[in-house]
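I have placed the structure first, in the form of structure tokens, so that the comments after it can refer back to it.
2 protein chains.
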Amino acid sequence: MHYGSVIDYESPVAPYRQVAAILRDRIEAGQYRPGQRLPSINDLVGEFGVARTTAGKALRLLVDEGQAELSQGMGFYVTRGS
Amino acid sequence: MHYGSVIDYESPVAPYRQVAAILRDRIEAGQYRPGQRLPSINDLVGEFGVARTTAGKALRLLVDEGQAELSQGMGFYVTRGS
DNA sequence: TCACATTTGTACGTATGTATC
DNA sequence: AGATACATACGTACAAATGTG
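Same order as they appear, the protein sequences are chains A and B. According to numbering that gives the first Met the number 0, the residues represented by the first sequence are 0 to 81, in order. According to numbering that gives the first Met the number 0, the residues represented by the second sequence are 0 to 81, in order.
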């Protein structure tokens, strides 16, 4: 069956924030655990159909919020500890 | 006479960081005082010949550093107090 | 050392939406 | 209503960091 895009472009919440919220939920649900790598920008582009810049903004937002850390050349990782 | 661009595209320092550094210097020099508005994105585009996104990144960097604040629809202002 | 794939950083341009005056 | 200003999205391109073979 076909799942429509999870991103709601009619929503007042910006797409990059929606993507970040989804990742945040997955972290809290334990789908992505501390120390583990988050989906790459390309992964997010493929999964949500957003642009690279949008996917990158979502990940950087998580970094700003302290929920993710960036390892250059490697990717974004779920922050360890808390 | 002709002044070349102030931005050095050969430098390892990203253009948006160079623009931010210039604005930072002006703030420290008192050219832009606390509470005053900083140049708009369009101003920076005109002055430095960079793209809107680049100019915006420079201003947002200053915000992240606590040297500027955003007032929606108004522009970026030099942080008051310090 | 080298080459390659992967991943992010950053730049460019363009378009639409919202906020403020 | 119109002008100004930023937020955000899209796409595209090249550079730098990193890991692997």
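Just so it is clear, CB atoms sit at the ideal spot from N, CA and C, and this is done for glycine as well. Computed from a predicted structure; not experimentally measured.
Under 8 Å between C-beta atoms of residue i and residue j
| i | j | result |
| --- | --- | --- |
| ARG51 of chain A | VAL62 of chain A | no |
| GLN66 of chain B | ARG16 of chain B | no |
| ARG79 of chain A | PRO14 of chain A | no |
| GLY74 of chain B | LEU37 of chain B | yes |
| GLY48 of chain A | SER4 of chain A | yes |
| VAL77 of chain A | ILE21 of chain A | no |
Start-to-end residues for the alpha helix (DSSP H) that takes in residue i
| i | result |
| --- | --- |
| GLY74 of chain A | Note, GLY74 of chain A: premise wrong, no alpha helix (DSSP H); beta strand (DSSP E) at 74-77. |
| ALA19 of chain B | 14-27 |
| VAL55 of chain A | Going by the sequence as given, residue 55 of chain A is Gly instead of Val. Counting along the chain, the alpha helix (DSSP H) containing GLY55 of chain A begins and ends at 51-63. |
Span of the beta strand (DSSP E), counted from its first residue to its last, around residue i
| i | result |
| --- | --- |
| ALA68 of chain A | What sits at residue 68 of chain A in the sequence shown is Glu, not Ala. Taken as a continuous stretch (DSSP letters only), the beta strand (DSSP E) holding GLU68 of chain A covers 67-70. |
Assumed close pair residue i, residue j - CB separation to whole angstroms, cut-off 8 Å
| i | j | result |
| --- | --- | --- |
| ALA54 of chain B | ILE40 of chain B | 5 Å |
Beta-ladder partner(s) of residue i, from DSSP
| i | result |
| --- | --- |
| ARG36 of chain A | A:TYR76 |
Residue i Cβ short of 7 Å to the ligand MN heavy atom set
| i | result |
| --- | --- |
| ARG32 of chain A | This structure simply doesn't include the ligand MN, nor any ligand for that matter. |
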